[in-house]
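K.L.:
Residue numbers (my numbering), protein chains in the order written: chain A, 11 to 124; chain B, 4 to 118.
1. Where residue 115(A) and residue 60(A) are concerned, what is the direct C-alpha to C-alpha distance, given to the nearest angstrom?
2. Would you list the residues sitting across from residue 68(A) in a DSSP beta bridge?
3. Using the Cα positions of residue 87(B) and residue 40(B), report the straight-line distance between them to the nearest angstrom.
4. Measure from the C-beta of residue 19(B) to each C-beta in chain A and report whether the shortest distance is under 8 Å.
5. Out of 112(B), 83(B), 71(B), point me to the one whose CA is closest to residue 18(B)'s CA.
6. Take the Cβ of residue 89(B) as the centre, count every other Cβ of all protein chains shown within 10 Å, and call the residue buried at 16 or more, exposed below.
7. Put residue 18(A) into one of helix, strand or coil per three-state DSSP.
8. Any idea what DSSP makes of residue 93(A), helix, strand or coil?
9. Nearest to residue 57(A) by CA position, among 115(B), 109(B), 38(B), is which residue?
10. Flag residue 74(A) as yes if its beta-carbon sits less than 8 Å from any beta-carbon of chain B, otherwise no.
11. Can you name the residues of chain A whose CB is closer than 7 Å to the CB of residue 111(B)?
12. Return the first residue and the last residue of the beta strand (DSSP E) that residue 87(A) is part of.
13. Should the segment 63-82 of chain A be called in touch with the segment 10-26 of chain B, which here means at least 3 C-beta pairs below 8 Å?
14. Relative to the C-alpha of residue 96(B), which residue among 27(B), 15(B), 11(B), 12(B) is closest?
15. Just to confirm my understanding: we take residue 67(A), look at its own chain, exclude 5 residues before and 5 after, and list those with CB closer than 7 Å. What are they?
16. Check whether the Cβ atoms of residue 106(A) and residue 23(A) sit closer than 8 Å, and answer yes or no.
17. Output yes if chain A places a C-beta closer than 8 Å to the C-beta of residue 80(B); else output no.
18. At a CB-CB cut-off below 7 Å, which residues of chain A make contact with residue 45(B)?
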């Protein structure tokens with residue numbers, strides 16, 4: 011079975027600073043990887059995903075994540091954050107060969123301060 | 004598409020009462036998931052359905068919880084009797100072909116408070 015660990019529960023940063031939200035996964039088989047974002051009082055929204063091909067994937071609002079198979083990581087980065095990026099971010103994994111379900115990490119609360 | 008629709012958005016009920024949460028998935032999606040989110044335990048998968056059939060209900064806390072999907076466009080999660088520890092935000096999500104390729108689309112959630 012797969013599992014996901016998000017290494018930081020809270021990440022406070024100042025506006026326009028770079029940020030990295032860390033995610034490590036564990037699985038004995040090939041996986042797909044996802045990042046979701048949850049704004050206050052809303053459901054989770056898909057931010058970006060890695061299925062195959064280029065290990066660097068990008069979202070439309072400037073986030074990117076890199077799949078590193080050797081380190082079993084899928085860290086999320088943004089070179090310059092905005093106040094509006096304040097939200098909780100969830101990393102998730104699913105196995106390529108079997109099953110339907112995503113396994114989510116515990117979440118990382120990103121707070122961007124002025 | 005209106006997305007995944009959950010009702011009600013907020014529910015306050017007294018301990019011992021029956022609570023029914025409702026979900027309308029995106030048309031054409033064939034997988035549906037119920038999650039519970041609390042500060043203490045984060046996001047927990049309660050149950051999921053493929054083609055209206057329950058596949059894995061191992062996350063359902065106890066017999067007080069039950070879920071049904073009578074057709075492709077509707078699902079319910081029922082708690083009877085409710086207890087204060089059931090207070091949480093309950094999310095429904097749907098996906099195409101199980102979600103492992105396309106991810107899930109989440110509803111806005113139902114915030115349940117049991118007093």
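Where a beta carbon is used, it is the ideal one built from N, C-alpha and C, also for glycine.
P.N.:
Let's see:
1. 16 Å
2. 74(A)
3. 14 Å
4. no
5. 83(B)
6. buried
7. coil
8. helix
9. 109(B)
10. no
11. 52, 53
12. 83-88
13. no
14. 27(B)
15. 58, 59, 60, 74, 75
16. no
17. no
18. 116, 117
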